[in-house]
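In what follows, a single structure is set out as structure tokens and then discussed.
In the UniProt record's numbering, the protein residues as written are 1 to 768.
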């Protein structure tokens, strides 16, 4: 909206707020709107008299777009603009996430607000951040821009004005967060920190189709129409800024919805309308009044609500975050580095896809305006994975050495001395965290856990000891567990922790005493499932997939083929099983049993294609930790999942999981085989589970919402870094010299290697 906008509609759209004068219904003058729309389009697009006569009927039947013989570009415009505005109810069925509330302002409030904006500071301008606009603008509150990258508080010396807390504008902004009003459930306490005012003239203004930038603003976008009415256009897909999602549905094929926006109304954009539909007022005749004024309320990321600019504030750096700490002057780091013990490969494992997603987020999070802000370092030998990582994610890659400070320092220097360093697993932090702290003491160190290693290793020991499924599911490492001690020490040494699931976040906080502010859940994020997935009739068989280097996957595959599948074939003699996964050994490949229809097929070049060919993902995981990427990916591609309680951890409770959870599946092959048969017994029930899975993904694992949440967490920790370190007593204690065992061990090994090298040189000199 305005500088960068979006949309949402729900059942509350027709609810109104009591006001001195009731406005006419949004759809009460639909015929007049149709006549106005057609008259304007006839002049511009040569709509024939016959079309004019039947236009209302065409609109009612959904065929209101006229043809134009003046080229495909103009034809697309005519197709878009010739459509009559829909009622709110009809628009809501197509544009998910658009809410419209008439009479948000009373008539008296509208007049007072218009007078205040016309007469008060700041002055009207015809540009924003140096970019000319097709309408007049003025801005209140936090100033944010991605090009150039900048988030800061307003500076009175430059004529900039904060968003007021009193007066008519303060009253309107506070009304958005009040409870008990028709829009309260939609806005959920939304508190804006900026207001952008757009002043349109019908003769020479347009608002081009666009999204409000998702990298700069939080999800909710609110537009209050102060005066004038218009018809707003929503179009699916396209690309109007670099951080907006792309869509294959563009041009003449893109769905278009037009909605009349009355004066004094509130328009709220969330969800699909915010991220998937562009919106705008692309033609002058879409303005139904000579003048329209609207205020767009948004929340810029990276500036916590508690921080307010005073009238005499010179800069953000001068405002304390809270007692004992100061806020960073920069809104985001310029450079970031990820350090891992291996080169992640998104084509091989779900963990690799998580790391690729983190790199994508870091590129947009960093504030470097040119060049490459993100780098990756690992002691592993370079291979195809490194090349794919560099090419696909536009990152610089460095080979570093364990116990070699010089190689780590060289990588840090070459990558711009990053202010943000992410350790991919606690092993990476153990090996390299002390080098990073020594070289870059002010850099924020983040531990991306991937999964809870101590939990997984403890469960593996229980399996080896013959424990039952209940004992494995309820296992929690004790304080004496050495794996837990190492992992917790790494967690406490870092400034921020990314747990892979809400379950593991709660375990860290409630059982192991990690500060609540220090850790967030950062699970897999997925795009919405394809609208067209192969039906039950176009699929066949069952599959399992997993990196065989990961021991829980190897254990699962062997147990599935050797113990479970023979029992399945007794009941379903024609059912086949395909087992995919990278890093198989010849011994693994030999598990194929053609007589039972069980095939170990090796590396899978297209996970999507393989998954969309099968009915089921069968995953009798007996131990492990974290969120199982294979389970979520299967749900994304329309497979029904049969698994164990371990397989659904961090996704849903076993009773709520949209699939089949065999409680004793990790120890009872007979029970798991029966679960597979049950999942294929009723095609109608299979489709029900598929639909439930799609709904769960959209609710809990939507990639846009998860990315926004993670970005906000990193931004807050970045801004509060100095304060956080002052209150992180355990973390600071572990950096005391007497407790830095990993650093001292690294120095010992490095010294030992130097002595060995020197001795070899002396021996060679003595023989010559």
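Where a beta carbon is used, it is the ideal one built from N, C-alpha and C, also for glycine.
Quick caveat, the model's predicted, so the values are computed rather than measured.
Per-residue DSSP class, three states only, for residue 478:
The answer is coil: DSSP assigns residue 478 none of H, G, I, E or B.
Neighbourhood of residue 734 by C-beta distance below 8 angstroms, restricted to the same chain and skipping five residues each side:
Result list for residue 734: 489, 492, 493, 740, in chain order.
Would the C-beta of residue 538 count as close to the ligand GDP, meaning under 7 angstroms from any of its heavy atoms?
Ligands are entirely absent from the displayed structure, and the ligand GDP is therefore not among its contents.
Considering only residues of the region 613-665, which uninterrupted beta strand (DSSP E) runs meet the minimum length of 3 residues and lie entirely inside it, listed in chain order?
Counting only runs of 3 or more, we get 616-619, 640-643.
Rounded to the nearest angstrom, what separates residue 419 and residue 433 at their Cα positions?
Cα-Cα distance, rounded: 13 angstroms.
Using the C-alpha atoms, what's the distance from residue 585 back to residue 764?
Cα to Cα, residue 764 sits roughly 41 angstroms from residue 585.
Using only alpha-carbon positions, find the residue among 122, 170, 188, 165 that is nearest to residue 157.
From the listed residues 122, 170, 188, 165, the smallest Cα separation to residue 157 is found for 122.
Tell me, which residues are paired with residue 138 by DSSP?
Looking at the DSSP assignment, residue 138 forms a beta bridge with 197.
6 angstroms CB neighbourhood of residue 658 in its chain, flanking five on each side removed:
Hits under 6 angstroms: 689, 692, 693, 696.
Residue 736 classed as buried or exposed, judged by whether at least 16 other C-beta atoms fall within 10 angstroms:
In this structure residue 736 is exposed. Its beta-carbon is surrounded by fewer than 16 other beta-carbon atoms within 10 angstroms.
Reducing DSSP to helix, strand and coil, say where residue 170 ends up.
Three-state result, residue 170: helix.
DSSP state of residue 756 mapped onto helix, strand, coil:
Three-state DSSP puts residue 756 in a helix.
According to DSSP, simplified to helix, strand and coil, what is residue 445?
Taken through DSSP and simplified to helix, strand or coil, residue 445 comes out as strand.
Which whole-angstrom value describes the C-beta separation of residue 265 and residue 101, a residue pair presumed to lie in contact below a C-beta threshold of 8 angstroms?
With a contact defined as Cβ atoms closer than 8 angstroms, residue 265 and residue 101 qualify at about 6 angstroms.
Can a CB atom of chain D be found closer than 8 angstroms to the CB of residue 705?
Here chain D cannot be found, since the structure has a single protein chain.
Consult DSSP for residue 791 and reduce its assignment to one of helix, strand or coil.
Any question about residue 791 goes unanswered here, given that the chain covers just 1 to 768.
Quick one: Cα of residue 676 to Cα of residue 562, how far?
Taking the straight line joining both Cα atoms gives about 15 angstroms.
Look at the alpha carbon of residue 732 and the alpha carbon of residue 382, and state the distance between them as a whole number of angstroms.
Taking the straight line joining both Cα atoms gives about 35 angstroms.
Length-filtered (4 minimum) alpha helix (DSSP H) runs lying within the region 466-521
Here the runs fully enclosed are 469-474, 482-493, 502-510.
In the structure shown, what three-state DSSP assignment does residue 115 receive?
The three-state secondary structure of residue 115, taken from DSSP, is helix.
Would you call the region 218-231 in contact with the region 288-304, where contact means no fewer than 3 C-beta pairs closer than 8 angstroms?
The region 218-231 is in contact with the region 288-304.
Within the continuous alpha helix (DSSP H) that includes residue 127, where are the two ends?
Residue 127 -> not in any alpha helix (DSSP H); beta strand (DSSP E) instead, spanning 125-128.
Taking the straight line between their C-alpha atoms, what separation do you get for residue 716 and residue 486?
Our two residues, residue 716 and residue 486, have alpha carbons roughly 27 angstroms apart in a direct line.
Only counting the same chain, and skipping five residues up and downstream in sequence, which positions put a Cβ closer than 7 angstroms to that of residue 542?
Apart from the 5 residues on each side of it in sequence, residue 542 sits with its Cβ closer than 7 angstroms to the Cβ of 575, 577, 614, 615, 616, 618, 676 in its chain, given in chain order.
How about the region 552-567 and the region 519-529: do they share at least three Cβ pairs that are nearer than 8 angstroms?
Contact fails: fewer than three Cβ-Cβ distances are below 8 angstroms.
Tell me the DSSP secondary structure of residue 603 in three-state form.
Residue 603: coil per DSSP, three-state reduction.
State the DSSP-derived secondary structure class of residue 132, mapped to helix, strand or coil.
In this structure, DSSP gives residue 132 an extended state, which the three-state scheme calls strand.
So, with DSSP's three-state summary, where would you put residue 426?
Three-state result, residue 426: helix.
To the nearest angstrom, how far is the alpha carbon of residue 507 from that of residue 480?
If you take the alpha carbons of residue 507 and residue 480, they lie about 17 angstroms apart.
Residue 417 versus residue 161 - alpha carbon distance:
Inter-residue distance for residue 417 and residue 161 is about 36 angstroms (C-alpha atoms, whole angstroms).
Local conformation of residue 593 per DSSP, three classes:
DSSP places residue 593 within a strand segment (E or B) once states are collapsed to three.
Look up residue 341 in the DSSP assignment and say whether it is helix, strand or coil.
Judged by DSSP in its simplified three-state form, residue 341 adopts coil rather than helix or strand.
Ends of the alpha helix (DSSP H) at residue 676?
Per DSSP, residue 676 belongs to the alpha helix (DSSP H) from 669-681.
Counting only the same chain and skipping the five closest in sequence on each side, list residues whose C-beta sits under 6 angstroms from that of residue 536.
Excluding sequence neighbours, residue 536 sits near 683, 686.
Backbone CA spacing between residue 752 and residue 533 [nearest angstrom]:
Whole-angstrom Cα-Cα distance: 59 angstroms.
Am I right that residue 86 and residue 258 are in contact with their C-beta atoms under 8 angstroms? What's the rounded C-beta distance?
6 angstroms between Cβ atoms; contact.
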